[in-house]
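**Student:** In the working numbering, each residue's number is its place in the sequence shown (first place is 1) plus 143.
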Amino acid sequence: MSEQKQLFSTSLAKDAVYKTGLRSFMEYRDLGIDHATHGQFRAHEHTFTAGDCVLQPPAIVHNELDCSDDLEVLEIYSPAVHETVVVGRVPEAAAAAR
Numbered sequence: 144m145s146e147q148k149q150l151f152s153t154s155l156a157k158d159a160v161y162k163t164g165l166r167s168f169m170e171y172r173d174l175g176i177d178h179a180t181h182g183q184f185r186a187h188e189h190t191f192t193a194g195d196c197v198l199q200p201p202a203i204v205h206n207e208l209d210c211s212d213d214l215e216v217l218e219i220y221s222p223a224v225h226e227t228v229v230v231g232r233v234p235e236a237a238a239a240a241r
């Protein structure tokens, strides 16, 4: 990790701006820690149903299939800049089986 001292950062809900991101079916709220951590971390807010939790271990192959309208997520990852490989859609039979 960098030897640079991290800066103080705030992101207030009342000032939230959501934008379309990597996954077109989600809205992303950048929480602004990329600058404060000198690019070591980035955090986005997404939406989930109360009580839900998701952990994606490093280098896990995954694809988002669907989500509810009230899904909200706090996404924290390091390094802030990383490679994402977009994979194809799951066949209809597999999606129907879930």
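Cβ coordinates follow ideal geometry from the N, Cα and C atoms, glycine included.
Using three-state DSSP, classify His-178 as helix, strand or coil.
**Tutor:** Helix at His-178.
**Student:** Cβ atoms of Gly-182 and Ala-156: under 8 Å apart, would you say?
**Tutor:** Taking 8 Å as the Cβ cut-off, Ala-156 and Gly-182 do not qualify as a contacting pair.
**Student:** Taking the beta strand (DSSP E) that Asp-173 belongs to, which residues open and close that run?
**Tutor:** Note, Asp-173: beta strand (DSSP E), 170–173.
**Student:** Can you look up Lys-148 in the DSSP assignment and give me helix, strand or coil?
**Tutor:** DSSP places Lys-148 in coil when its eight states are reduced to three.
**Student:** Does Thr-180 pass the burial test, meaning 16 or more other C-beta atoms within 10 Å, or should it be called exposed?
**Tutor:** It is buried - the Cβ of Thr-180 has at least 16 other Cβ atoms within 10 Å.
**Student:** Buried or exposed: which applies to His-225, given that a residue is buried once 16 or more other Cβ atoms fall within 10 Å of its Cβ?
**Tutor:** Exposed, since its Cβ has fewer than 16 Cβ neighbours within 10 Å.
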